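In my numbering, the protein residues as written are 1 to 276. Think of the CB as a built atom: it goes at the ideal place given N, C-alpha and C, for glycine as much as any other residue. From a predicted model like this one, the values you see are computed outputs, not experimental measurements.
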């Protein structure tokens, strides 16, 4: 190693340590700002109703959420405990989310396999994705019944966006890689399995993130209409009897559930990208 190279390595090391320190400070600043915004929101939420600036009947208080949660833990003959409501919503979301991903990926693969099929179905997929799915809640209730209509809503609200996102990811695969695979004699099925699907992993992860929220929305909307169990039902019940403590507690749990699902997918994304 020359003297010039030897002198360059310590300088590079110092610059790298400085960059790491800057990145660490940047992450801490972002986390601090996020925490500050949350605390500001909670403080305003607590103070404004107590000062009668906003009507507490319509907003409740953050300090009332924990006692309400503790009171809702107990099951009664008339109503299940809040943990059962939470489990019902999470289970329905997971089923609808998984079904949308599996079915959406299969449909997107079929559209990629047969381009003419995509040209035929493209306007219908766009219209179906743009339609407000909440309009179908009564129809699903009539067609599928009280329980299955919730899964139907979860699937309907996330399926079409899944198909469109994954298909666009398939279409964005590097054409040179496809031509290279064809040059080596790969079949269309091999190209799909070995080139298109692996190349679309970032799109699949992005679709997972979108579907978590959409599936949860579909489940809650379905529970508004027909369920006697679930956080959506609890929100509907609390609003009907003007118990905003119940409503806000259920909404807070929904936010925590949604955040936990999103974080799980983010961890999955980080693990997959490291392997790639």
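Which whole-angstrom value is the C-beta distance of residue i and residue j, which I expect to be below 8 Å?
i: residue 112; j: residue 170; result: 4 Å
i: residue 151; j: residue 96; result: 5 Å
i: residue 248; j: residue 70; result: Not quite, the Cβ-Cβ distance comes to about 14 Å (not below 8 Å), so this is no contact.
i: residue 201; j: residue 262; result: Rounded, the Cβ-Cβ distance is 18 Å, inconsistent with contact.
i: residue 244; j: residue 58; result: 6 Å
i: residue 117; j: residue 110; result: 7 Å
i: residue 236; j: residue 138; result: At roughly 15 Å, the Cβ-Cβ gap does not stay under 8 Å, so residue 236 and residue 138 are not in contact.
i: residue 231; j: residue 206; result: Incorrect: roughly 26 Å between the Cβ atoms, too far for contact.
i: residue 302; j: residue 164; result: Since the first residue of the chain shown is 1 and the last is 276, residue 302 is not available in this structure.
i: residue 265; j: residue 208; result: 5 Å
i: residue 155; j: residue 108; result: With 8 Å as the limit, residue 155 and residue 108 do not qualify as a contact, their Cβ atoms being about 15 Å apart.
i: residue 277; j: residue 80; result: Because residue 277 is not part of the residues shown, which for the chain are 1 to 276, the question remains open.
i: residue 153; j: residue 238; result: No, residue 153 and residue 238 are not in contact; Cβ-Cβ is about 21 Å, not under 8 Å.
Between which two residues does the alpha helix (DSSP H) holding residue i run?
i: residue 280; result: A query on residue 280 cannot be resolved here, the shown segment of the chain reaching from 1 to 276 and no further.
i: residue 76; result: Note, residue 76: premise wrong, no alpha helix (DSSP H); not H, not E.
i: residue 56; result: 56-59
i: residue 266; result: 244-275
i: residue 236; result: 231-240
Please classify residue i as buried or exposed, where buried requires at least 16 neighbouring CB atoms within 10 angstroms.
i: residue 131; result: exposed
i: residue 115; result: exposed
i: residue 149; result: buried
i: residue 123; result: exposed
i: residue 233; result: buried
i: residue 7; result: Summary for residue 7: the model assigns pLDDT 47, below 50, so the residue's position carries little reliability, and this model does not support an answer.
i: residue 1; result: Summary for residue 1: the model assigns pLDDT 45, below 50, so the residue's position carries little reliability; its value from the coordinates is reported in the next sentence. Residue 1 comes out exposed.
i: residue 241; result: exposed
i: residue 30; result: exposed
i: residue 167; result: buried
i: residue 286; result: Outside the modelled stretch of the chain, which goes from 1 to 276, sits residue 286, for which no answer is possible.
i: residue 22; result: exposed
i: residue 268; result: exposed
For chain B, is any of its Cβ atoms less than 9 Å away from the one on residue i?
i: residue 17; result: Protein chain content of the structure displayed is limited to a single chain, and chain B is not contained in it.
ask   = Is the region 72-80 touching the region 168-186 in the sense that three or more CB pairs, one from each, lie closer than 8 Å?
value = no
message = Does the region 149-164 come into contact with the region 182-197, if we say contact requires no fewer than three beta-carbon pairs (one atom in each stretch) closer than 8 Å?
response = no
task = Report yes or no: do the region 192-212 and the region 247-257 share at least 3 C-beta pairs separated by less than 8 Å?
result = no
inquiry  = With three or more C-beta pairs closer than 8 Å as the rule, is the region 43-55 touching the region 214-221?
reply    = no
request  = Any chance you could list the alpha helix (DSSP H) runs of at least 4 consecutive residues sitting entirely within the region 135-194, in chain order?
outcome  = 137-171, 175-183 and 188-191
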